[in-house]
Ligand code: NAP
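Numbering (my numbering), first residue to last: 770 to 1256.
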């Protein structure tokens, strides 16, 4: 018996489009993508701040099945990446399958199917639901007294207002994560004065960003093997790097020494002291930047390490009572990385809500599936290997895994599938046991940590993620139900 599943994918970013392409490739054609915004691209659509680029090499930050021969830089700028994903939507004819400006507000599993309710008030019923809502989507605004009293423009990094003039102006940037650092590099030359408000110092991996020669594009176009070699080479380098994250050893020592040497390049000892982190390199997401220390040492750039007391009409007042008068405030204060598919109201079998299921924290089996939520899968779900790895590569692995389950459904093997609570608990216990080896558990705070203080990251090398998700599943770990006996 074969049958055709209806699949809903939530989100038309990099992951959601990957999911749709992989389903279509498998001959599964009843695929609808629900996208709450007006365009594809997710994070690359939303983030347009100056200095934006991807800190994963472009030849590895792309789909294996759609190499872009034309990347201009080792780490290409944000608009180029958005153009790539927009081109993917056209090339794979995805736009006709996307319902733009349509948010799934509720998804309820009932009688072996998912019943979806959208922000437009429409209802849809599908066999499978895939959440591809991205990780860094819900903006985090700082709780600073008087933030609303500021007389000039204030913008979160992910909602850059291009009508705001920054050239020659006095700009405050709050936050020293990857975003704050990129913005400082992007603005330092053009602003009149820039003050970076740092609550915590960060380690910086110095990485040059050379442009590809004009010959690189034509060569990669004519010799497709070069794309594959480029992908594999960059993957090897990043996987080397990933080993430093998940267990102590010489990989970690090498990267630590490079970061320390980079910090020593800061000439002024007082500035160097202020820029010295109180944690090990990589405990927070390592910042990759070839230009930050140069930018922060410019005459027109200041690092402010006094804590912010409040904001008033003219600017930011620090705890030493000093008023930092500015024209524009940029909030590079990050995201709530633990929202996952929420605020969608996800209701599984027997009425269990996602908030109930995740009362103790977000848990999944193999990062993609949750007990009690049959025929539901996530891309970039809890404990996905997101630490400085290519999320595109992770998405491809997770999509392949998901397609295999849907193919089994199509063949009539089951009507619904969800991991068992025991197998999921076992997998999470396995991860918990491995977490103390990781650099994320060496004592620092970051968006990596869950409510329980433990990193919500994959505690093994990325190839283990690939191997485990692509191995044939042990069916004892899953609850397979069949409502209708197969004919
Ligand atoms: P983030 O790493 O969470 O950093 C937020 C920053 O804001 C931190 O420095 C934090 O200080 C500061 N902050 C928050 N509230 C504050 C307050 N009330 N007062 C003062 N400072 C405050 O966020 P992000 O920089 O947006 O980066 C998030 C992630 O996005 C990155 O880790 C990375 O995964 C991704 N990203 C990737 C790229 C890329 O190239 N691929 C580029 C940008 C971002 P504390 O450190 O003290 O908490």
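In this text, a Cβ means the ideal position worked out from N, Cα and C, and glycines have one as well.
Quick one: give me the first and last residue of the alpha helix (DSSP H) that residue i is part of.
| i | result |
| --- | --- |
| residue 1009 | 993–1015 |
| residue 793 | 783–794 |
| residue 1124 | 1123–1126 |
| residue 1065 | 1061–1065 |
| residue 853 | 847–860 |
| residue 957 | Where residue 957 is concerned, there is no enclosing alpha helix (DSSP H), given that its DSSP letter is neither H nor E. |
| residue 1114 | Careful: residue 1114 lies outside any alpha helix (DSSP H), inside the beta strand (DSSP E) at 1114–1116. |
| residue 1079 | Careful: residue 1079 lies outside any alpha helix (DSSP H), inside the beta strand (DSSP E) at 1077–1081. |
Along the chain, where does the beta strand (DSSP E) containing residue i start, and where does it finish?
| i | result |
| --- | --- |
| residue 1193 | Where residue 1193 is concerned, there is no enclosing beta strand (DSSP E), although the alpha helix (DSSP H) it sits in stretches over 1190–1203. |
| residue 1176 | Not the beta strand (DSSP E): residue 1176 falls in the alpha helix (DSSP H), residues 1160–1179. |
| residue 1071 | 1070–1073 |
| residue 1094 | 1092–1094 |
| residue 925 | 923–925 |
| residue 1098 | 1097–1100 |
| residue 892 | 892–895 |
| residue 801 | 800–803 |
Indicate the three-state DSSP secondary structure (helix, strand or coil) for residue i in the structure shown.
| i | result |
| --- | --- |
| residue 1267 | The structure shown does not extend to residue 1267, since the chain spans only 770 to 1256, so no value can be given for it. |
| residue 1242 | coil |
| residue 1044 | coil |
| residue 1139 | coil |
| residue 916 | helix |
| residue 931 | coil |
| residue 1185 | strand |
| residue 883 | strand |
| residue 716 | This structure cannot settle anything about residue 716, because the visible part of the chain is limited to 770 through 1256. |
| residue 1108 | coil |
| residue 988 | helix |
| residue 1086 | strand |
| residue 875 | strand |
| residue 814 | helix |
| residue 753 | Any question about residue 753 goes unanswered here, given that the chain covers just 770 to 1256. |
| residue 1027 | helix |
| residue 864 | helix |
If we ignore side chains and look at the alpha-carbon of each, how far apart do residue i and residue j end up?
| i | j | result |
| --- | --- | --- |
| residue 952 | residue 818 | 7 Å |
| residue 1011 | residue 826 | 14 Å |
| residue 822 | residue 829 | 14 Å |
| residue 970 | residue 948 | 14 Å |
| residue 810 | residue 1197 | 31 Å |
| residue 837 | residue 831 | 7 Å |
| residue 1235 | residue 1184 | 26 Å |
| residue 1212 | residue 835 | 40 Å |
| residue 1075 | residue 966 | 8 Å |
| residue 1118 | residue 1144 | 10 Å |
| residue 1043 | residue 962 | 19 Å |
| residue 883 | residue 1115 | 10 Å |
| residue 1036 | residue 1071 | 14 Å |
| residue 1229 | residue 982 | 36 Å |
| residue 797 | residue 772 | 10 Å |
| residue 1063 | residue 974 | 13 Å |
Since I believe residue j is in contact with residue i (beta carbons under 8 Å), could you give me their beta-carbon distance rounded to a whole number of angstroms?
| i | j | result |
| --- | --- | --- |
| residue 1142 | residue 1171 | With a Cβ gap of about 13 Å, residue 1142 and residue 1171 do not count as contacting. |
| residue 885 | residue 895 | 7 Å |
| residue 1008 | residue 1232 | 7 Å |
| residue 776 | residue 792 | 6 Å |
Output yes if chain D places a C-beta closer than 8 Å to the C-beta of residue i; else output no.
| i | result |
| --- | --- |
| residue 967 | Looking at the structure shown, chain D is missing, and only one protein chain is on hand. |
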